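The sequence shown begins at 0 in numbering that gives the first Met the number 0 and counts up one residue at a time.
For each residue, glycine too, the CB sits at the ideal point set by N, CA and C.
Note that the structure is predicted; figures quoted are calculated from it, not measured.
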Amino acid sequence: MGYRVAVVGATGNVGREMLNILAERQFPTDEIVALASRKSLGTEVSFGDTTLKTKDLDTFDFSGWDIALFAIGSDATKIYAPRAAKAGCVVIDNSSLYRYDPAVPLIVPEVNADAIEGYSRKNIIANPNCSTAQMVVALKPLHDRARIKRVVVSTYQSVSGAGKDGMDELWDQTKGMYVPGQEKEPSKFTKQIAFNVIPHIDTFLEDGSTKEEWKMVAETKKIIDTSILVTATCVRVPVFVGHSEAINIEFEDFLDEDEARDILREAPGVMVVDKREDGGYITPVECVGDFATFISRIRQDSTIDNGLNLWCVSDNLRKGAALNAVQIAEVLGQRCLKKG
Ligand code: 2RA
0 MGYRVAVVGA TGNVGREMLN ILAERQFPTD EIVALASRKS LGTEVSFGDT
50 TLKTKDLDTF DFSGWDIALF AIGSDATKIY APRAAKAGCV VIDNSSLYRY
100 DPAVPLIVPE VNADAIEGYS RKNIIANPNC STAQMVVALK PLHDRARIKR
150 VVVSTYQSVS GAGKDGMDEL WDQTKGMYVP GQEKEPSKFT KQIAFNVIPH
200 IDTFLEDGST KEEWKMVAET KKIIDTSILV TATCVRVPVF VGHSEAINIE
250 FEDFLDEDEA RDILREAPGV MVVDKREDGG YITPVECVGD FATFISRIRQ
300 DSTIDNGLNL WCVSDNLRKG AALNAVQIAE VLGQRCLKKG
């Protein structure tokens with residue numbers, strides 16, 4: 000006995016990855032439906048060895064469906080997620096709409112799976128921001144050992160975080176650099192992204208930080224521990240897929256770099272690639288398509304008493320979005336929606 004599963008936003012980067020990962024992990028489905036806006040009606044999307052034709056989200060009846068994986072923007076989610084939840088279908092939402100709602104669990108299964116017990120309050124579970132998900136997978140096992148006081152993180156986020164349009168812009172701008180007459184002005188990003196980096200993701204806030212940076216702060220606190228101080232600088236880089244993060248951690252107690260490396264080697268969802276030699280570290284192009292959160296460059300920060308630096312890389316479409324959502328569905332099935 001399996002579940003009746005809907006993927007909402009099935010034609011986007013994340014929606015397509017959700018279908019891929021549901022198939023790869025053989026999530027128990029009795030029936031699966033790909034939903035999209037009317038303009039994408041009938042678009043074919045892959046589900047394992049099969050092809051699905053998208054159906055119209057606007058007229059879809061979620062009654063009798065068990066789980067809906069949402070990968071659409073917050074505005075559309077505001078319309079359709081309550082409709083699905085009210086019909087008895089548990090929504091796992093990748094947008095930021097419900098992440099900060101105290102009645103909605105914000106889940107990274109390797110970190111706070113127990114928090115899923117609260118899902119029935121709204122029948123909605125929130126997926127964290129991609130840059131948060133990979134970071135908390137790395138932080139949690141270290142926090143359990145030496146309690147984290149403060150995190151300083153700089154991110155190097157790929158253009159796929161901005162959707163297909165972001166990937167197209169990097170491609171077109173790069174091509175335009177080499178093919179006369181094909182120059183491409185910035186449209187998705189505020190400045191040129193080809194051969195450049197942009198210290199601005201999402202909107203600016205009153206205090207001079209961006210909403211992307213605020214998300215990392217708020218979500219880390221909700222997922223791990225409200226006492227952790229976080230400051231972030233989120234940067235867009237000319238990489239297609241794979242977010243990278245330089246993370247500096249200050250602990251309450253001293254944590255030796257070798258012990259930290261051993262802890263991370265045993266941590267769920269983590270792959271340590273850490274040798275102090277040429278190529279002894281992970282780079283974004285090597286993480287694409289993988290499920291793991293990769294950690295490299297683990298080393299003491301001797302400028303403070305209990306400091307540690309590390310490098311964290313993960314496929315932002317997978318652990319940062321689609322994989323985490325499917326893992327939430329797996330936990331939901333195992334703990335809350337038992338079948339058969
Ligand atoms: C980004 N984290 O990378 C945001 C949304 N996916 O653009």
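- Boundaries of the beta strand (DSSP E) around N308: G306 to S313.
- With the rule of 3 Cβ pairs closer than 8 Å, the stretch 50 to 69 does not count as touching the stretch 282 to 297.
- In this chain, the beta strand (DSSP E) harbouring N247 covers H242 to F250.
- Between T154 and C233, the gap from beta carbon to beta carbon is short of 9 Å.
- DSSP lists R3 as the beta-bridge partner residues of E30.
- In this structure, the alpha-carbon of D92 lies about 43 Å from that of P179.
- Residue environment: K77 is assigned as exposed (fewer than 16 neighbouring CB atoms within 10 Å of its CB, all protein chains considered).
- DSSP places A9 in no beta strand (DSSP E); its state is neither H nor E.
- A straight line joining the alpha-carbon of L263 with that of V103 spans about 29 Å.
- If the five residues before and after G63 are omitted, its C-beta is found closer than 7 Å to the C-beta atoms of R3, all from its own chain and listed in chain order.
- Fewer than three pairs of CB atoms, one per stretch, sit closer than 8 Å, so the stretch 107 to 119 makes no contact with the stretch 238 to 250.
- DSSP places T58 in the helix class (H, G or I) of the three-state scheme.
- Within 8 Å of the C-beta of Q333 there is not a single heavy atom belonging to the ligand 2RA.
- The stretch 122 to 137 makes contact with the stretch 301 to 313, as at least three CB pairs between them are under 8 Å.
- Of the heavy atoms belonging to the ligand 2RA, at least one sits nearer than 8 Å to the Cβ of A320.
- The three-state secondary structure of C129, taken from DSSP, is helix.
- Inter-segment contact for the stretch 224 to 238 and the stretch 200 to 216 is present: three or more beta-carbon pairs are separated by less than 8 Å.
- Assigned with DSSP and collapsed to three states, E211 falls in helix.
- Remark: C-beta atoms of V196 and V158 do not approach each other more closely than 9 Å.
- Contact between N12 and L316 holds, since their C-beta atoms are separated by about 6 Å, short of 8 Å.
- The nearest non-hydrogen atom of the ligand 2RA is 8 Å or more from the C-beta of Q133.
- About 4 Å separates the beta carbons of A67 and A5, which is inside the 8 Å limit, making them a contact pair.
- Under the DSSP definition of a beta bridge, S153 partners with T232 and A245.
- Under DSSP, L105 forms a beta bridge with A125.
- DSSP places D167 in the helix class (H, G or I) of the three-state scheme.
- If you ignore the 5 residues before and after A328, its C-beta comes within less than 7 Å of the C-beta of F26, I66, L68 and I91, all in its own chain and listed in chain order.
- Between the alpha carbons of T173 and V44 lies a distance of about 28 Å.
- Annotation for D300: the continuous beta strand (DSSP E) segment containing it runs T292 to D300.
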